[in-house]
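Below: the structure, in C-alpha coordinates.
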(Lines of atoms letter the chains of each structure in order from A and count residues from 1; the text may use other names and numbers.)
(Lines give C-alpha, C1' and ligand atoms only; values in the text may rest on other atoms or scores of the structure.)
Protein backbone atom coordinates (compact mmCIF):
# COMPACT_ATOMS: atom_id res chain seq x y z
CA UNK A 1 0.00 0.00 0.00
CA UNK A 2 3.01 2.28 0.36
CA UNK A 3 2.87 3.50 -3.25
CA UNK A 4 -0.77 4.51 -2.87
CA UNK A 5 -0.19 6.17 0.49
CA UNK A 6 2.83 8.04 -0.88
CA UNK A 7 0.73 9.44 -3.73
CA UNK A 8 -2.38 10.29 -1.71
CA UNK A 9 -1.24 11.60 1.66
CA UNK A 10 1.01 14.47 0.47
CA UNK A 11 -2.11 16.05 -1.06
CA UNK A 12 -3.63 16.52 2.42
CA UNK A 13 -2.88 19.09 5.08
CA UNK A 14 -1.46 17.67 8.32
CA UNK A 15 -4.22 16.50 10.63
CA UNK A 16 -6.85 16.40 7.87
CA UNK A 17 -9.94 14.27 8.23
CA UNK A 18 -9.98 11.14 6.08
CA UNK A 19 -13.23 9.27 5.53
CA UNK A 20 -12.37 5.59 5.23
CA UNK A 21 -15.46 4.36 3.43
CA UNK A 22 -15.76 0.60 3.52
CA UNK A 23 -12.88 0.40 5.98
CA UNK A 24 -12.98 -3.37 6.35
CA UNK A 25 -10.81 -4.53 9.24
CA UNK A 26 -9.26 -1.07 9.68
CA UNK A 27 -5.82 -1.53 8.10
CA UNK A 28 -5.82 1.81 6.28
CA UNK A 29 -7.53 3.67 9.11
CA UNK A 30 -4.84 2.49 11.53
CA UNK A 31 -2.11 3.69 9.15
CA UNK A 32 -3.75 7.11 8.65
CA UNK A 33 -4.12 7.54 12.41
CA UNK A 34 -0.45 6.66 12.92
CA UNK A 35 0.45 9.49 10.53
CA UNK A 36 -1.54 12.04 12.54
CA UNK A 37 -4.69 12.21 10.42
CA UNK A 38 -8.20 12.15 11.86
CA UNK A 39 -10.27 9.24 10.57
CA UNK A 40 -13.99 8.70 10.16
CA UNK A 41 -14.39 5.05 9.31
CA UNK A 42 -17.41 2.98 8.40
CA UNK A 43 -18.28 -0.40 6.98
CA UNK A 44 -21.50 -2.25 6.15
CA UNK A 45 -20.34 -5.44 7.89
CA UNK A 46 -20.91 -5.42 11.65
CA UNK A 47 -18.26 -8.12 12.09
CA UNK A 48 -15.67 -5.95 10.30
CA UNK A 49 -16.74 -2.87 12.27
CA UNK A 50 -16.02 -4.75 15.49
CA UNK A 51 -12.57 -5.79 14.23
CA UNK A 52 -11.77 -2.29 12.94
CA UNK A 53 -12.63 -0.78 16.32
CA UNK A 54 -10.20 -3.16 18.02
CA UNK A 55 -7.47 -2.54 15.43
CA UNK A 56 -7.78 1.27 15.41
CA UNK A 57 -9.00 2.17 18.87
CA UNK A 58 -11.61 4.53 17.39
CA UNK A 59 -15.37 4.28 17.00
CA UNK A 60 -16.25 2.86 13.60
CA UNK A 61 -19.74 3.39 12.21
CA UNK A 62 -21.83 0.46 11.04
CA UNK A 63 -23.22 1.97 7.85
CA UNK A 64 -23.50 1.62 4.10
CA UNK A 65 -22.21 4.11 1.54
CA UNK A 66 -25.74 5.36 0.92
CA UNK A 67 -26.61 5.86 4.59
CA UNK A 68 -23.36 7.26 6.02
CA UNK A 69 -23.59 10.79 7.36
CA UNK A 70 -20.48 12.44 8.83
CA UNK A 71 -20.79 14.02 12.28
CA UNK A 72 -22.11 17.57 12.22
CA UNK A 73 -18.88 19.06 13.61
CA UNK A 74 -16.68 17.71 10.81
CA UNK A 75 -15.98 19.86 7.78
CA UNK A 76 -15.81 17.40 4.87
CA UNK A 77 -14.48 18.79 1.60
CA UNK A 78 -15.19 16.88 -1.59
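Numbering (my numbering), first residue to last: 15 to 92. Ideal Cβ positions, reconstructed from N, Cα and C, are used throughout, including at glycine.
Secondary-structure assignment with DSSP links residue 55 through a beta bridge to 34, 74. With distances taken between CA atoms, residue 76 lies nearest to 35 out of 35, 48, 46, 45.
Rounded to whole angstroms, the separation of the alpha carbons of residue 45 and residue 84 is 20 Å.
Bounds of the alpha helix (DSSP H) holding residue 45 are 41-48. The shortest CA-to-CA distance from residue 82 to any of 37, 69, 67 is the one to 37. In this chain, the alpha helix (DSSP H) harbouring residue 22 covers 16-22.
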